[in-house]
Amino acid sequence: MEYRGRFAPSPTGLLHFGSLVAAVGSWLRARQAGGRWLLRMEDIDPPREVPGSAAAILAALPAFGLVADEPVLLQSERRAAYDAAFARLREIDAVFPCWCSRSELAAAGPHRDGRCTSRPDPGREPAWRLRTPDIDVAFDDALQGPQRQNLREAAGDFVIRRVEGLYSYQLACVVDDAHQGITEVVRGSDLLDSTPRQIHLQRLLGLPTPRYLHLPLALDAQGRKLSKSSQAVPVDPADPLPALRRALEFLGQPPTAEAGDAPTLLASASRRFDPTRLPHRNGCFAG
Ligand code: GLU
Numbered sequence: 001m002e003y004r005g006r007f008a009p010s011p012t013g014l015l016h017f018g019s020l021v022a023a024v025g026s027w028l029r030a031r032q033a034g035g036r037w038l039l040r041m042e043d044i045d046p047p048r049e050v051p052g053s054a055a056a057i058l059a060a061l062p063a064f065g066l067v068a069d070e071p072v073l074l075q076s077e078r079r080a081a082y083d084a085a086f087a088r089l090r091e092i093d094a095v096f097p098c099w100c101s102r103s104e105l106a107a108a109g110p111h112r113d114g115r116c117t118s119r120p121d122p123g124r125e126p127a128w129r130l131r132t133p134d135i136d137v138a139f140d141d142a143l144q145g146p147q148r149q150n151l152r153e154a155a156g157d158f159v160i161r162r163v164e165g166l167y168s169y170q171l172a173c174v175v176d177d178a179h180q181g182i183t184e185v186v187r188g189s190d191l192l193d194s195t196p197r198q199i200h201l202q203r204l205l206g207l208p209t210p211r212y213l214h215l216p217l218a219l220d221a222q223g224r225k226l227s228k229s230s231q232a233v234p235v236d237p238a239d240p241l242p243a244l245r246r247a248l249e250f251l252g253q254p255p256t257a258e259a260g261d262a263p264t265l266l267a268s269a270s271r272r273f274d275p276t277r278l279p280h281r282n283g284c285f286a287g
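For the sequence shown, counting from 1, position 3 maps to 3 in my numbering; every step adds exactly one.
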């Protein structure tokens, strides 16, 4: 089967070092496997979106030599597919409506028993939660090794569709990984604990489960995850080589000889890419 990998940023800020690491890591895996590397813009959460950042991310990637092999998939245009998956989950009675307010949830703790005891409010749309079974979901991460999670304990009855009618990341990600035919998901290990929820959704929806490889996270000098939303310093597409070199170094790859431009540096890194050198642990990036 052809290898199909992807990079799936959320438009919550400019491309920063942590997301560059995920982009480069997934690109190297795809290139080494002689497969395809796809892009997906996860723009399904307008309240969290930073205006202009989707376009800025898509404009920055080619400067780093990261060019997708197929047109970019925009989650904002995938509503019908999420509606269909949600309809299927309702059909098999895998979800239930929840009218709890934030304060009710805070007081009662997360739902775990597949129902909501708050009184239905006909004047308001409910949120929809998955009836999470008391099962262990296990998978073998290509970098982090064997993983196992009790779904009910770890995730509870997690939200599939929010009160505003927006679909959750978990649902959209699963539907689109299948739609794009992704065979291996390479992403940051902040999403390691989402993977069992995604595998469970794949099983409910009859979708294939890709392989997973969770890369270590780039941390700031205080040990916090570099994230777009916490104003991490963006990487500069006008001067891509320094950040690209640091990303390759962060991924444990041997330094390559001076390269004239980013695409040349990346191409040479992909020829020498050694997955056994990928670090397992999160790393500090103080630059
Ligand atoms: N959109 C997510 C993020 O930017 C990544 C999702 C994924 O790779 O599954 O953190």
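No residue lacks a Cβ here, since even glycine has one placed at the ideal position from N, Cα and C. Treat the numbers as computed from the prediction; the structure is a model and nothing was measured.
Rounded straight-line distance, which links the Cα of residue j to that of residue i
i	j	result
T132	P146	22 Å
R245	G260	12 Å
A22	V175	21 Å
A81	W27	26 Å
A59	L89	36 Å
G65	R224	28 Å
C98	A107	15 Å
H200	F285	34 Å
L166	A127	9 Å
V163	S103	15 Å
R115	R124	18 Å
Y3	A33	6 Å
R78	A85	11 Å
M41	D121	34 Å
L205	A87	10 Å
E249	G156	38 Å
A218	H111	33 Å
S270	L73	24 Å
P242	H16	13 Å
P47	A54	14 Å
V233	D220	10 Å
R211	A142	7 Å
L20	Q253	15 Å
I160	S268	42 Å
Start and end residues, alpha helix (DSSP H) containing residue i
i	result
V174	Y169 to H179
L89	R79 to E91
V137	Element bounds for V137: not the alpha helix (DSSP H) but the beta strand (DSSP E), D136 to D141.
G18	F17 to Q32
A243	P240 to F250
S325	Past the boundaries of the shown model lies residue 325; the chain is included only from 1 to 287, so the question cannot be answered.
With 16 other Cβ atoms within 10 Å as the buried cut-off, status of residue i
i	result
R36	buried
I135	exposed
H214	buried
G13	buried
D43	buried
G18	buried
Q180	buried
D83	exposed
G5	buried
P279	exposed
R277	exposed
D113	exposed
R29	buried
When the options are compared against residue i, the one with the closest alpha-carbon
i	options	result
F139	R197, A54, F250 and R224	R197
Y169	E153, Q222, S194 and G188	S194
V95	D274, F158 and A218	F158
D190	Q75, F273 and N282	N282
L251	P263, D113, G206 and R272	R272
P255	D274, A238 and Q149	D274
R203	L171, E184, P234 and L143	L171
P291	C173, L130, L20 and A56	No information on residue 291 is available, as it lies outside the stretch 1 to 287 that the chain covers here.
S76	D93, D45, V50 and L39	D45
P237	P62, R119 and R152	P62
N-terminal and C-terminal residue of the beta strand (DSSP E) that residue i is part of
i	result
P263	Segment A262 to R272 is the alpha helix (DSSP H) holding P263; no beta strand (DSSP E) there.
A127	A127 to L130
F7	R4 to F7
E184	E184 to G188
G40	It is worth fixing the name first, because residue 40 is Arg in this sequence and not Gly. Counting along the chain, the beta strand (DSSP E) containing R40 begins and ends at R36 to M41.
I160	V159 to R161
P146	G145 to N150
Beta strand (DSSP E) runs wholly inside the region 198-238, at least 3 long, in chain order:
Secondary structure remark: continuous beta strand (DSSP E) runs of at least 3 residues inside the region 198-238, in chain order: 211-215.
Of all the beta strand (DSSP E) runs that stay within the bounds of the region 96-122, which reach a length of 3 or more residues?
If we require 3 residues or more, the region 96-122 turns out to have no beta strand (DSSP E) run fully inside it.
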